[in-house]
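Residue numbers (the numbering used here), protein chains in the order written: chain A, 411 to 839; chain B, 411 to 839; chain C, 411 to 839; chain D, 411 to 839.
Virtual Cβ for every residue (Gly too), placed ideally from N, Cα, C.
Given the structure is predicted, the values throughout are model-derived calculations rather than measurements.
There are 4 protein chains.
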Amino acid sequence: MSYSRTVEIDGHIIDSGTMQRCFGAVMDLGGSFDVEQFDVGTHEEAESYCRMAVSADDEETLQAILHELHQNGAVLENPSDVELVAAPADKVVPPNFYSTTNHPTEVLYDGEWIDVDRIEMDCALVVEPDGEDGPRAYTKVLDAVEEGDLIATDQSGIRVNPPERPRSGGGAFGFMQGGVSSERPSESTIREVAAELREVTDAGGTVMVVAGPAVIHSGAGEALARLVEAGYVDSLSAGNGFATHDLERSLYGTSLGMDVETLEHPRKGHKHHIWTISEIIRAGGIEAAVEQGKVTEGVMYQCVQNDVDTVLAGSIRDDGPLPDTITDAVEAQNAIREQAHDADIVLMLATLLHSVAVGNCLPSTTKTVCVDINPATVTQLLDRGSAQAVGMVTDIGTFVPTLAEFVLDEGDDDTPAESGVSVNDSGTQ
Amino acid sequence: MSYSRTVEIDGHIIDSGTMQRCFGAVMDLGGSFDVEQFDVGTHEEAESYCRMAVSADDEETLQAILHELHQNGAVLENPSDVELVAAPADKVVPPNFYSTTNHPTEVLYDGEWIDVDRIEMDCALVVEPDGEDGPRAYTKVLDAVEEGDLIATDQSGIRVNPPERPRSGGGAFGFMQGGVSSERPSESTIREVAAELREVTDAGGTVMVVAGPAVIHSGAGEALARLVEAGYVDSLSAGNGFATHDLERSLYGTSLGMDVETLEHPRKGHKHHIWTISEIIRAGGIEAAVEQGKVTEGVMYQCVQNDVDTVLAGSIRDDGPLPDTITDAVEAQNAIREQAHDADIVLMLATLLHSVAVGNCLPSTTKTVCVDINPATVTQLLDRGSAQAVGMVTDIGTFVPTLAEFVLDEGDDDTPAESGVSVNDSGTQ
Amino acid sequence: MSYSRTVEIDGHIIDSGTMQRCFGAVMDLGGSFDVEQFDVGTHEEAESYCRMAVSADDEETLQAILHELHQNGAVLENPSDVELVAAPADKVVPPNFYSTTNHPTEVLYDGEWIDVDRIEMDCALVVEPDGEDGPRAYTKVLDAVEEGDLIATDQSGIRVNPPERPRSGGGAFGFMQGGVSSERPSESTIREVAAELREVTDAGGTVMVVAGPAVIHSGAGEALARLVEAGYVDSLSAGNGFATHDLERSLYGTSLGMDVETLEHPRKGHKHHIWTISEIIRAGGIEAAVEQGKVTEGVMYQCVQNDVDTVLAGSIRDDGPLPDTITDAVEAQNAIREQAHDADIVLMLATLLHSVAVGNCLPSTTKTVCVDINPATVTQLLDRGSAQAVGMVTDIGTFVPTLAEFVLDEGDDDTPAESGVSVNDSGTQ
Amino acid sequence: MSYSRTVEIDGHIIDSGTMQRCFGAVMDLGGSFDVEQFDVGTHEEAESYCRMAVSADDEETLQAILHELHQNGAVLENPSDVELVAAPADKVVPPNFYSTTNHPTEVLYDGEWIDVDRIEMDCALVVEPDGEDGPRAYTKVLDAVEEGDLIATDQSGIRVNPPERPRSGGGAFGFMQGGVSSERPSESTIREVAAELREVTDAGGTVMVVAGPAVIHSGAGEALARLVEAGYVDSLSAGNGFATHDLERSLYGTSLGMDVETLEHPRKGHKHHIWTISEIIRAGGIEAAVEQGKVTEGVMYQCVQNDVDTVLAGSIRDDGPLPDTITDAVEAQNAIREQAHDADIVLMLATLLHSVAVGNCLPSTTKTVCVDINPATVTQLLDRGSAQAVGMVTDIGTFVPTLAEFVLDEGDDDTPAESGVSVNDSGTQ
């Protein structure tokens with residue numbers, strides 16, 4: 411005996427790889443499919459449509475297959491309304507609750523497909539039947555679930571829209587590259603990122619920078635500060651270590667005790683790092699230290715002066731910490747979440763921890779640039795289904811200054827920014 | 411005005427990703443397509459067929475697109491015979507000569523599709539009209555081209571058959587994984603490799619091992635020697651360094667001067683390495699040293715005793731070299747080529763140089779296992795379109811002993827080999 | 411004009427590298443030295459003594475030099491009592507406060523050298539004149555400083571004792587290797603670690619394990635659970651991710667949705683991970699889940715059953731988190747600190763974040779084993795002046811099972827544990 | 411009973427780490443020492459002297475200890491003449507022949523210490539009693555040994571002079587750093603390298619560049635070509651792959667089929683690579699192709715135009731190869747050897763194979779700069795006892811353009827070259 415259901419899939423489902431994944435999932439999981447209808451889009455702009463019956467030897471296998479197909483955008487034929495169950499207690503979700511993807515999602519409620527707000531993966535999906543403007547659906551992390559929240563269970567009545575291949579393409583922001591293109595020309599790629607940054611900023615969009623301490627160690631702090639000063643950074647997500655190293659440069663002219671200009675005194679056991687923390691504590695925080703004239707340059711200084719939305723998230727490896735650091739992980743995550751949901755483009759600079767935290771909150775549609783010297787870090791960060799992502803395995807200490815040069819059009823004979831823009835016109839969309 | 415051609419593609423072209431790549435290539439290169447017919451296979455075993463017209467604004471773009479489609483298996487509607495041009499001199503190919511892929515290939519000659527022998531990428535394709543058994547087609551590296559060879563040019567009359575997704579699948583030998591699955595359970599994956607090794611050997615197939623010096627440094631030499639002794643290695647492709655380190659163990663009980671059992675004396679400047687080379691030179695070569703009773707254990711010893719086909723390829727970083735080393739790169743490559751063409755499964759163990767050399771000669775249908783501690787090495791080796799490949803980022807020093815234990819069924823309570831076989835039955839195909 | 415001071419250094423200061431570092435520091439920082447007396451120990455057991463005048467062109471340079479010499483164990487001739495200043499407010503230290511190293515330290519108080527308790531780097535040094543047993547000195551992190559604490563400033567009256575080269579040596583636990591010995595035989599090194607683990611446990615010492623999620627992904631969870639069950643783990647320091655993946659194995663038999671035995675279904679978007687968290691929340695925590703019979707195997711199960719001191723520290727990348735996770739970084743750090751101070755040997759398994767956090771709290775005298783597939787991680791963890799450390803770049807998925815086999819003496823023909831012990835007798839000391 | 415010998419060591423033996431290594435070697439190998447005299451240099455410029463008796467329980471251990479001490483510069487008290495034995499046949503050395511280090515070396519012949527020419531490690535040491543200017547000593551690789559050559563055996567009468575710590579120091583070219591300073595500011599370090607490059611060139615010295623294909627893929631080819639054109643490169647050591655990729659840029663404007671300016675068409679299966687090789691073969695080689703006007707830009711073009719001494723060494727992974735490639739490893743090694751012996755500074759750019767080959771031939775006194783994105787590569791290359799070496803883990807695609815900008819003083823507002831020089835004045839020395 412065989413268990414069977416019929417699903418429908420539509421869109422650019424061949425060239426986006428959707429059908430490859432759907433057919434593959436059925437075969438990998440031991441089921442079989444029977445294509446009842448397949449209308450292939452005959453040209454680039456035409457969408458395709460597939461209706462197929464999927465069957466398996468047992469209901470459990472069938473459900474596993476349907477789960478995979480669902481995540482790739484398939485919907486049951488004749489779907490019914492989303493099934494909602496009230497949360498029995500704070501932080502406690504109903505059994506079999508629906509766990510979200512990071513793709514745009516809709517729920518069928520009262521016969522209408524409504525968009526889910528605040529898309530983020532691994533969340534519960536809550537429906538408020540009586541919102542101000544009618545029924546509203548949105549995500550909630552488990553920790554935020556409150557008793558009585560109506561939580562979606564199963565996956566019927568829920569439609570996921572994975573990103574599709576853009577019709578014209580190429581450029582650095584490729585579609586679902588997944589891998590890391592270490593064989594691309596570095597400066598050309600930076601030019602494209604610079605062009606994108608200018609375009610987002612010119613269009614009034616929001617640029618979010620996620621930065622690790624290596625930005626400062628590697629001597630790139632000054633270049634990042636220039637980008638902040640020039641208005642190309644709207645929010646900064648970092649940690650206690652990044653801020654401390656940046657402030658050390660301003661207070662002592664060193665990073666980890668080494669003069670970053672002359673390379674002198676690179677020694678262990680230096681005191682500047684911990685002294686910096688104690689000075690900021692004494693001042694009452696970073697903003698106070700800037701106001702008191704103690705801190706007069708650097709990334710944190712420019713963030714204070716330019717009202718950049720800054721979140722310093724604590725971690726168990728922190729010294730101090732600085733008074734500005736949010737030490738509670740859940741509270742810090744919520745602050746990061748707000749930044750991430752607002753961002754139009756995110757630059758992840760040499761930090762795995764903070765980049766993963768931000769990446770967890772991002773919908774798959776947000777443009778992302780991941781830069782790290784360690785290919786494993788870049789691979790891990792790109793491997794989340796982001797539709798438009800650039801991964802670069804490069805040295806943050808040369809990347810940021812080069813990026814700043816291209817973005818700020820700093821007297822380069824080749825007028826990099828312009829050529830960057832022209833590349834962008836034809837390429838990155 | 412627009413330039414246009416019509417191509418046909420058939421097979422498991424949706425779930426193997428063929429159509430995704432073909433549509434993508436057209437769009438990436440700025441062309442457009444018009445699907446004239448698309449018959450979708452309605453179930454797992456049914457093949458699909460697509461005929462589409464491809465057009466571009468100029469002939470050059472159209473040719474670039476057709477080249478991409480060709481490499482993915484597309485054939486021009488109503489193809490004509492392959493175009494052959496005689497090589498004007500030794501090593502010199504005609505302009506616009508056809509450069510091969512590593513996929514199974516056919517040429518249309520005298521109205522008949524004939525298979526191309528000795529498939530290998532980046533070669534010239536030679537047709538002998540008057541072979542013993544009729545016309546014959548095969549590959550030749552540029553260096554081997556002789557004046558007068560009939561060399562295929564352009565790509566008309568040539569059909570490439572990229573590997574298709576196996577109908578049932580999974581297991582460690584996944585289809586075109588490309589990436590590296592560092593999140594797989596290590597011991598379970600090794601069990602699958604062991605099962606595959608046993609299966610190939612039991613079926614009378616040929617196992618080729620490509621090994622770097624780290625196999626010996628890491629203490630895995632003894633385990634590899636046991637595999638050779640037990641008949642699980644048919645050919646060994648390595649370098650002067652591997653052989654020297656292995657022989658040092660036999661002559662002095664050390665590797666790089668360190669006793670591999672007691673870990674004592676790991677010092678630079680040791681003399682055993684260069685003394686080993688001079689002793690083998692004095693003996694007249696490895697086989698002579700074994701016959702003279704100077705070398706009594708280790709991988710090279712077992713290879714001599716078990717008539718394993720061994721190629722030691724020279725490189726510019728070699729000490730010595732040993733008299734057995736083939737110092738000419740072209741000659742060494744030819745020896746490696748023979749090994750590679752005969753292999754049914756290839757184990758690449760902790761060597762980038764030799765693995766790339768072997769990989770260059772392999773058709774995409776040969777099973778491959780790449781093991782290295784460096785993820786970049788594994789990624790580079792897998793990134794060649796091999797259809798059935800396992801990449802493992804692991805420690806060769808624990809991998810080989812664990813593999814030997816599983817293959818040789820060495821008194822493990824869990825009877826690993828048996829459970830390995832059962833995994834294999836259902837999984838790796 | 412020149413500024414000058416006289417310092418004394420004694421101990422095994424030549425073969426431990428102390429004098430090399432001291433002379434080097436003077437020259438690097440632009441000063442000069444005049445050796446007034448140097449008594450060289452004439453044999454292995456004899457200590458040396460050096461008294462030298464150090465001078466520089468300005469007081470600031472001289473102080474920088476003296477700081478370096480101090481950290482290497484030098485003491486001013488005729489030292490005066492430690493200078494104490496009361497903390498002006500909670501968390502606020504006096505300017506020029508003394509920041510600790512991770513080496514054993516003494517302070518001169520009231521003419522007596524007293525040992526500093528709870529050695530840890532980057533802390534304030536507090537002296538309580540009226541302790542129960544007389545004056546007491548100990549470290550405090552900045553965050554824990556309370557108004558009125560008597561805090562050491564400057565460095566006069568403080569003596570640091572960096573680890574010296576052991577008189578007999580070698581083995582895997584080398585002296586200040588700093589680097590990573592990827593060219594050591596892997597299995598032999600694991601044998602030495604196993605022998606050390608048995609020795610510490612047999613002697614009633616405390617074994618601390620720091621573990622990342624890769625331990626579970628890589629299939630090593632079961633082997634670690636066996637080590638816990640057999641009593642070889644006294645404390646576990648991990649995060650929400652490690653615990654969740656381990657519990658997923660117990661609840662669903664999968665890790666990241668993949669069956670770790672059959673390697674089937676390794677797909678993204680699986681629900682087991684987040685369902686595991688919701689199940690544990692529903693149960694009221696891990697211990698409750700064990701008591702309710704929901705969790706019946708795995709590392710966390712064994713930790714509950716064997717009363718292992720377990721700390722789960724939160725981070726901003728956590729899902730959930732589990733109710734057992736300490737989400738505040740400062741609070742989590744304090745819990746980790748207690749574990750670290752109690753440990754006789756620490757195994758750091760495939761986690762950078764938690765290992766750095768633990769490493770920050772460890773005195774330089776604690777034995778440490780760092781295992782990671784990424785050499786950069788191992789290098790970073792070893793680069794903290796630990797006197798007896800083993801760094802292994804290897805696959806955690808084969809390391810832990812091999813370690814368990816050697817520690818638990820699991821029916822290996824070579825009786826590994828015994829030979830491990832014998833290696834240890836002669837080697838690791 | 412005990413075996414004993416007396417040795418002498420002198421020089422800056424404390425701050426160069428010599429005595430630490432010597433005492434350590436004795437203890438590690440299980441011997442004991444008795445310091446008979448130790449005169450410590452009392453200030454920076456004063457040398458020290460140590461005479462000590464070393465003893466062990468057996469002659470073999472004593473010899474192992476003496477070997478270690480010898481390599482660190484110790485000489486037996488009252489040394490006797492070097493022991494010479496005639497080579498019994500071509501390529502065959504006497505048993506117990508002396509294998510060289512890469513440090514400056516002298517031999518005692520006829521009562522006189524004479525310098526050994528052509529210092530290189532792992533070679534035989536040959537003495538010609540009747541040279542033109544009296545007795546002459548030099549190194550020979552095993553392969554070059556001829557019957558009758560007088561080969562040094564044992565180590566008596568041979569004195570090694572390992573590099574000593576420079577009296578003033580610091581800067582990027584640190585003394586025996588060994589490790590890799592990923593925490594240095596990248597641009598500042600490149601400035602120091604640029605200053606050094608200018609200094610060597612201005613002083614009429616020889617700059618050798620060792621380059622891998624990644625230099626071209628990463629888009630850095632044009633910058634390197636500018637450095638060649640401006641006279642900052644005297645010799646180039648590379649392989650068939652580097653030259654082919656560079657020539658492809660000139661012939662087709664692409665690298666691996668991708669336009670390096672617009673980033674378009676990065677596809678596999680491109681034909682440009684193999685077509686480039688066939689075009690150069692057709693032309694009769696690179697120089698011929700330049701003369702025929704086929705190649706008009708790029709690194710190889712500039713090398714031809716500027717008479718740069720170029721060696722292209724073959725390897726088993728080569729396509730083609732180009733007619734200019736030396737395919738025999740021994741012959742290629744000899745060509746590389748000549749380049750290496752002439753070099754005053756060597757830049758190793760993103761190639762492990764060629765860098766190791768060059769490094770094998772370099773004396774420890776040659777300045778070396780190693781640049782690679784992979785830290786393991788940099789570590790391996792630095793780990794050879796080079797006295798003045800800079801290792802940078804960075805992106806070659808930004809390193810070379812930044813270096814060219816600094817060296818060529820290309821209209822940067824900060825006038826980098828000048829500030830670079832000033833840094834150098836005070837620093838690198």
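Of the residues the options, the one placed nearest residue i, counting alpha carbons only
i                     : options                    : result
residue 727 (chain C) : C:651, C:560, C:531, C:481 : C:651
residue 477 (chain A) : A:557, A:563, A:801, A:646 : A:563
residue 434 (chain B) : A:512, A:439, A:423        : A:423
residue 808 (chain A) : A:469, A:634, A:620        : A:634
residue 458 (chain C) : C:427, C:442, C:436        : C:427
residue 481 (chain D) : D:519, D:470, D:706, D:573 : D:573
residue 618 (chain C) : C:751, C:782, C:494, C:447 : C:751
residue 645 (chain A) : A:556, A:418, A:722, A:558 : A:722
Unbroken alpha helix (DSSP H) run spanning residue i, endpoints
i                     : result
residue 633 (chain A) : 631-639
residue 642 (chain D) : Where residue 642 (chain D) is concerned, there is no enclosing alpha helix (DSSP H), given that its DSSP letter is neither H nor E.
residue 448 (chain B) : Premise fails: residue 448 (chain B) lies in the beta strand (DSSP E), 442-449, not in any alpha helix (DSSP H).
Residue i: first and last residue of the uninterrupted beta strand (DSSP E) it sits in
i                     : result
residue 658 (chain C) : No beta strand (DSSP E) contains residue 658 (chain C), which is instead part of the alpha helix (DSSP H) from 650-662.
residue 465 (chain D) : 458-466
residue 518 (chain D) : 515-519
residue 568 (chain A) : 568-570
Test item: CB-CB of residue i and residue j under 8 Å
i                     : j                     : result
residue 515 (chain D) : residue 532 (chain D) : no
residue 536 (chain B) : residue 755 (chain B) : no
residue 637 (chain D) : residue 753 (chain D) : no
residue 551 (chain A) : residue 764 (chain A) : no
_Contacting positions in the stretch 681-694 of chain D - beta carbon closer than 9 Å to chain B_ = Identification of residues in the stretch 681-694 of chain D having a C-beta nearer than 9 Å to some C-beta of chain B yields 681, 683, 684, 685, 687, 688, 689, 691, 692, given in sequence order.
*Residues of the stretch 623-643 of chain A whose Cβ lies closer than 7 Å to any Cβ of chain C, in chain order*: For the stretch 623-643 of chain A, which is checked against every Cβ of chain C, not one residue is closer than 7 Å.
*Please list the residues of the stretch 749-763 of chain A that have a C-beta atom closer than 9 Å to any C-beta atom in chain C, keeping them in chain order.*
Going along the stretch 749-763 of chain A in chain order, one finds 762, 763 with a Cβ nearer than 9 Å to chain C.
*asked:* Along the stretch 416-445 of chain C, where does the CB come closer than 7 Å to a CB of chain D? Name the residues.
replied: Answer in chain order: 424, 425, 427, 429, 430, 433, 434, 437, 438, 442, 443, 444, 445.
*When Cβ atoms are compared, which residues of the stretch 797-811 of chain B fall closer than 7 Å to chain C?*
Shown in chain order are the members of the stretch 797-811 of chain B whose Cβ falls below 7 Å from a Cβ of chain C: 803, 804, 805, 807, 808, 809, 811.
*Which parts of the stretch 738-796 of chain B are runs of the beta strand (DSSP E), unbroken and 3 residues or longer, counting only runs that do not cross its ends?*
DSSP runs (the beta strand (DSSP E)) wholly in the stretch 738-796 of chain B: 755-759, 777-782.
_Residues from the stretch 774-786 of chain D in contact with chain C, defined by Cβ distance under 7 Å_ = Against chain C - using a Cβ distance shorter than 7 Å - the residues of the stretch 774-786 of chain D are 785, 786.
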